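Asker: Before anything else, here's the structure in question.
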Amino acid sequence: MASRTVGSSYEGRDERVKSVGKKLLSRMKTALRRGDQPKRVPTMSMPACIPEPATGPSTDPTTTPAASQPPQPTAVPIESTTPQVKDDLPSFDGEKVPRSQIYGERARNLSERYGLEMNPHAWYQMEGHVLRVHKPVRMRVHRQCHQCGHKLTHSGSCDSCKHTFCAQCTRNPPRRTEAETAASRERRDNIARDRTANAMIVPDWDLKPKQNVVLSRPGRPGGQELVYKKIRQRVRRTCCQCLEACGSEVTFQGGRLNCPKCDHARCTDCPRDPPKKDKYPYGYPGDEFGARSIPYYQCHRCNAKFPPGAEDGTECVRCSHEKCDNCERVRPHKVEPEADPEVLKSVQEKLAAMNLS
Numbered sequence: 056m057a058s059r060t061v062g063s064s065y066e067g068r069d070e071r072v073k074s075v076g077k078k079l080l081s082r083m084k085t086a087l088r089r090g091d092q093p094k095r096v097p098t099m100s101m102p103a104c105i106p107e108p109a110t111g112p113s114t115d116p117t118t119t120p121a122a123s124q125p126p127q128p129t130a131v132p133i134e135s136t137t138p139q140v141k142d143d144l145p146s147f148d149g150e151k152v153p154r155s156q157i158y159g160e161r162a163r164n165l166s167e168r169y170g171l172e173m174n175p176h177a178w179y180q181m182e183g184h185v186l187r188v189h190k191p192v193r194m195r196v197h198r199q200c201h202q203c204g205h206k207l208t209h210s211g212s213c214d215s216c217k218h219t220f221c222a223q224c225t226r227n228p229p230r231r232t233e234a235e236t237a238a239s240r241e242r243r244d245n246i247a248r249d250r251t252a253n254a255m256i257v258p259d260w261d262l263k264p265k266q267n268v269v270l271s272r273p274g275r276p277g278g279q280e281l282v283y284k285k286i287r288q289r290v291r292r293t294c295c296q297c298l299e300a301c302g303s304e305v306t307f308q309g310g311r312l313n314c315p316k317c318d319h320a321r322c323t324d325c326p327r328d329p330p331k332k333d334k335y336p337y338g339y340p341g342d343e344f345g346a347r348s349i350p351y352y353q354c355h356r357c358n359a360k361f362p363p364g365a366e367d368g369t370e371c372v373r374c375s376h377e378k379c380d381n382c383e384r385v386r387p388h389k390v391e392p393e394a395d396p397e398v399l400k401s402v403q404e405k406l407a408a409m410n411l412s
């Protein structure tokens, strides 16, 4: 008895599952038919039955060959399901702009403002075009009715009380005066001038070593550009003849060696500002020997220098050669400072003490 009850329960459950499955399938078919219904195109309706021509001889003498032909089916007009485009739609007033142009302008603006180097092809997709409509820049102005407090429409009338915009109605933002407008223009001009003067320097990675690079920046409005130059010391030489004669300090112009006033050749007696006697003890390069300069001679055999103001017959300290006419006077040149013997002696003593320890 137990086996029969178990079997009957299983059979009942299978029947319920089958019935539920059939219902689901029927509902799905109905939904699919409804979804495909607008896509169907009405077909030509054909007649239900077409009379076949008689095979036997005709008994009616009045019948003609035209009457014996079957009737032609009538064509039913097919309705078009494609929507018709209206001709009164407004045309597109914009233009097609390539994406590469838009992203190229953005990258150029970023590089000019922040000094960055960007490759838009690595960040964006450049294929295709973009539809753009050019509209003037406008400011959003909100007006409020002074009678009921509601916002006014674009036409300038209130929807609540039908009041038209007047001078008492609130305007946001408020209208600026002429002084505020002039101050705003001046502020914008100052910002543009500041950005132009303090523009960022973009490095040039394709620089050639043989190319002469000139770094410049804009100067004052209406002036010339400022060119970067290395820091150099300004040296002024004063003519000694003009200084003694009339007491006027006449400086030599540029690299000229003659005085512009008295045509005096620049000599070792002409003062130099700033002076550097430690590097140029015999005079400055390009100078002639002055009347007050102390003569220095050097040996033509070992190039050793004689004492200042030495006369002929003075022996050389290095090679014991007597000064003669072949020993020339030392020309003005730069002299490297010699090491102090006392300093050398102290250094040697310190090194010897380190070796003993």
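FYI, the numbering for the sequence shown is 56 to 412, going by the working numbering. Beta carbons: idealized from backbone N, C-alpha and C, even for Gly. Everything numeric in this text was worked out from a predicted model, so none of it was measured.
1. DSSP on V398, reduced to helix/strand/coil?
2. Return the chain-ordered list of same chain residues with a C-beta closer than 6 Å to the C-beta of R242, the five sequence neighbours on each side being excluded.
3. Measuring CA to CA, which of H184, E160 and G183 is closest to M173?
4. Let me confirm a value: P108 is counted as buried when at least 16 other C-beta atoms fall within 10 Å, else exposed. Which label applies?
5. Below 8 Å, can you find three or more Cβ-Cβ pairs linking the stretch 314–328 to the stretch 337–351?
6. Give the DSSP-derived three-state secondary structure of C322 in the structure shown.
7. Under the assumption that T225 contacts Q199 (Cβ atoms under 8 Å), give the Cβ distance between them as a whole number of angstroms.
8. Run through DSSP, which three-state label would T236 get?
9. How long is the line joining the alpha carbons of H388 and R311, rounded to whole angstroms?
10. Here's the rule: buried if 16 or more other CB atoms are within 10 angstroms of the residue's CB, otherwise exposed. What is K456?
11. Quick one: what does DSSP say S100 is sitting in, helix, strand or coil?
12. Does P116 come out as helix, strand or coil in the three-state DSSP assignment?
13. Between R347 and A359, how many whole angstroms is the CB-CB distance? I'm expecting something under 8 Å.
14. Rounded C-beta distance between R292 and R327? I'm assuming under 8 Å.
15. Which residues bound the alpha helix (DSSP H) around R154?
16. How about H355 and N313: do their beta carbons lie closer than 8 Å?
17. For P362 and L406, I'd like the C-alpha separation in whole angstroms.
18. Which value, in whole angstroms, describes the spacing of the CA atoms of A394 and V402?
19. Would H319 be called buried (16 or more neighbouring beta carbons within 10 Å of its own) or exposed?
20. To the nearest angstrom, how far is the alpha carbon of M181 from that of P153?
21. If you reduce the DSSP assignment to three classes, tell me which class L186 lands in.
22. Anyone know if the C-beta pair for C213 and C221 falls short of 8 Å?
23. Please confirm whether D352 and V390 have their CB atoms less than 8 Å apart.
24. Determine whether the beta carbon atoms of R272 and L281 lie at a separation below 8 Å.
Answerer: The short version:
1. Residue state, collapsed to three classes: helix.
2. none
3. E160
4. Any reading at P108 needs caution, since the residue's pLDDT is 48, under 50, leaving its predicted position unreliable; the model's value is listed next. By the 10 Å Cβ count, P108 comes out exposed.
5. yes
6. strand
7. 4 Å
8. helix
9. 18 Å
10. Lying outside 56 to 412, the shown extent of the chain, residue 456 is not represented and no answer is given.
11. Its pLDDT being 46, under 50, S100 is placed unreliably by the model, and the measurement read from it follows with that caveat. Of the three classes helix, strand and coil, the one that applies to S100 here is coil, per DSSP.
12. Bear in mind that a pLDDT of 42 at P116, under 50, signals an unreliable position, so the model cannot answer this.
13. About 25 Å separates the two Cβ atoms, so there is no contact after all.
14. 6 Å
15. R154 to Y169
16. no
17. So the alpha carbons of these two residues sit roughly 34 Å apart.
18. 12 Å
19. buried
20. 8 Å
21. strand
22. no
23. Asp is not the amino acid found at residue 352; the sequence shown has Tyr there. Taking 8 Å as the Cβ cut-off, Y352 and V390 do not qualify as a contacting pair.
24. In contact: R272 and L281 (Cβ atoms closer than 8 Å).
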